[in-house]
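In terms of my numbering, the sequence shown opens at residue 27 and continues consecutively.
For glycine and all other residues, C-beta sits at the position ideal for the given N, C-alpha and C.
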Amino acid sequence: MTGTVAGGQTYNVFCVAQAGRLEYEAILFTHSFRKANPDFAGRLLVAEPTGARWSQPVRISDPVRALLADAGAEIVPFENKHFGEIYPHGNKIEAMAALPAEPFVFFDTDTLFTGPLSAVGFDFARPSASMRREGTWPEPPLYKVGYTEIWKSLYDHFGLDFESSLDLSKPDEYWQRYLYFNAGWFFGADAQAFGKRFLHYAHWIRWNTPEELACQSLDPWLDQIALPLVIHSFGGGRPGPELAGLDGAVTTHYRALPLLYARESDAAVAVAEAVAAPNAVKKVLKNYEPAKKLIYQNKGQKLRRKFDRNDLPRREQVLRNAIRREGLWLR
């Protein structure tokens, strides 16, 4: 049964949504999840931010709330006490304080489910995260501190063993030698404990930035700077082949609807269009301009025909620029 692992251990799945783009992505997220995991034994949770750290309303709209409930999702409110509008990526960190102290898998809301999670071999005693990333951080300045000095300063501060985090098959001062994830998905054994440590690490890095990071941008990378430290501290590391279904046959982190059509699999596009098709969903989702144009006006398929999935640019920014030239970079 999906939602359990060896020994019958149940786990929960959560994402974060709020008014605007994320609530519409949450419709595709939850409905594709239920389509792929009809017998899921855990809880499907949508964390919703609240509090005074937002200048605009963030409450999920009532029509979207109804669709999320139809997919069996539970909306769990949490208060932004540290980040909020100044760093929205911090939602995934602060949300964990409102979750049960149980095994969990987090996914960014811009994720589609194309297969059952039962095909993924989670080991919650060894947390991990997505390797679908580029060398976005750090950017060591010339003739000053390098990758090793930057990362080691963080491991040392938190009392972590730096050497055991390295991939020694990669050369020194090459970004892939260092533990670095995309925070699009990650999992662990206890959402409360994981979230508390994630917040502690991220908060210290943000407000007590060490000298070695003085030239580095923390926005939007803060969650991805702290995440490998948290995972390493709980005895986790890089994902093994048992997790290959994530960012593979089971899930697709598409990031933006134009990128879904331009580069992702036929299966992922088919799932998005199938869950968007029912009238009840269409009535709500068509209020989201990217979905209206790309899904319902069929401009996504026209965009898709302009790109060869076997010969895409290596860097995502190049692909985004190509989509912009088509006038269809919508988010």
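- Task: Put Phe333 into one of helix, strand or coil per three-state DSSP.
- Result: Note: Phe333 maps to coil in three-state DSSP.
- Task: Using three-state DSSP, classify His183 as helix, strand or coil.
- Result: Three-state result, His183: helix.
- Message: If the criterion is Cβ atoms closer than 7 Å, does the pair Glu49 and Asp136 meet it?
- Response: One thing to note: Glu49 has its Cβ no nearer than 7 Å to the Cβ of Asp136.
- Message: Can you list, in chain order, the residues of its chain with a C-beta nearer than 6 Å to that of Ala97? Leave out the 5 residues immediately preceding and following it.
- Response: Only residues of its own chain outside the window of five on either side were considered, and among them Thr56, His57, Arg60 have a CB closer than 6 Å to the CB of Ala97, listed in chain order.
- Item | Where the alpha helix (DSSP H) through Gly221 begins and ends | Element bounds for Gly221: 217-233.
- Rounded straight-line distance, which links the Cα of Phe213 to that of Ala151: Between the alpha carbons of Ala151 and Phe213 lies a distance of about 10 Å.
- Item | Range covered by the alpha helix (DSSP H) that runs through Asn208 | Where Asn208 is concerned, there is no enclosing alpha helix (DSSP H), although the beta strand (DSSP E) it sits in stretches over 208-214.
- Query: Between the Cα of Ala240 and the Cα atoms of Lys319, Ala296, Lys170, which residue gives the shortest distance?
  - Reply: Per the C-alpha coordinates, the member of Lys319, Ala296, Lys170 positioned closest to Ala240 is Lys170.
- Message: Just to confirm, is the Cβ distance from Ser190 to Pro236 under 7 Å?
- Response: No, the pair does not count as a contact, with Cβ atoms beyond the cut-off.
- Message: Restricting to runs no shorter than 4 residues, where is the alpha helix (DSSP H) found entirely within the stretch 273-321?
- Response: If we require 4 residues or more, the alpha helix (DSSP H) runs fully inside the stretch 273-321 come out as 283-289, 292-302, 305-311.
- Using DSSP with H/G/I as helix, E/B as strand and the rest coil, what is Val131? In this structure, DSSP gives Val131 an extended state, which the three-state scheme calls strand.
- Straight-line gap, Gly68 to Ala121 (C-alpha atoms, nearest Å): Approximately 18 Å, taken between the alpha carbons.
- Does the separation of the CB atoms of Ala294 and Leu54 fall below 7 Å? Result no, Cβ atoms of Ala294 and Leu54 do not sit closer than 7 Å.
- Message: Let's test the definition: count the other Cβ atoms within 10 Å of the Cβ of Lys325 and tell me whether it reaches 16, buried, or not, exposed.
- Response: Its Cβ being crowded by 16 or more others within 10 Å, Lys325 is buried.
- Note down the Cα distance separating Asn117 from Asn208, rounded to an integer number of angstroms. Each residue's alpha carbon lies about 15 Å from the other.
- Which of helix, strand or coil DSSP assigns to Pro9: One cannot answer for residue 9 here, as it falls past the ends of the chain, which runs 27 to 357.
- Query: Can you tell which of Leu143, Val310, Asp182, Pro103 has its C-alpha closest to the C-alpha of Trp211?
  - Reply: Checking every option, the nearest Cα to that of Trp211 belongs to Leu143.
- Is Val84 helix, strand or coil when you go by DSSP? Coil.
- Query: Which residues share a DSSP beta bridge with Val42?
  - Reply: In DSSP, Val42 forms a bridge with Ala73.
- Task: Please name the residue in Thr162, Trp233, Gly185, Ser243 whose C-alpha comes closest to that of Trp201.
- Result: In this structure, Thr162 is the residue among Thr162, Trp233, Gly185, Ser243 with its C-alpha nearest to the C-alpha of Trp201.
- Sort Ala228, Leu272, Thr277 by Cα distance to His115 and report the nearest one. Comparing alpha-carbon positions, the option among Ala228, Leu272, Thr277 lying closest to His115 turns out to be Ala228.
- Query: CB-CB under 7 Å to Lys319, same chain, minus the five flanking residues each way: which ones, in chain order?
  - Reply: Short of 7 Å from the beta carbon of Lys319, and not among the five residues preceding or following it, lie these beta carbons of its own chain, in chain order: Lys325, Leu356.
- Environment of Trp347 [buried if 16+ CB atoms lie within 10 Å]: As written in the sequence, residue 347 is Asn, which differs from the Trp given in the question. Exposed is the call here.
- Task: Would you kindly report the start and end of the unbroken beta strand (DSSP E) that includes Phe139?
- Result: Residues 137-139.
- Consult DSSP for Thr162 and reduce its assignment to one of helix, strand or coil. DSSP places Thr162 in coil when its eight states are reduced to three.
- Query: Would you call Asn63 buried or exposed, if buried means 16 or more other Cβ atoms sit within 10 Å of its Cβ?
  - Reply: Buried is the call here.
- Rank Glu175, Tyr113, Gly274 by C-alpha distance to the C-alpha of Gly141 and give the top, closest one. Measuring from the Cα of Gly141, the nearest candidate turns out to be Gly274.
- Item | Proximity of Leu125 and Val310 at Cβ, strictly below 7 Å | Pairing Leu125 with Val310 gives a Cβ-Cβ distance that is not under 7 Å.
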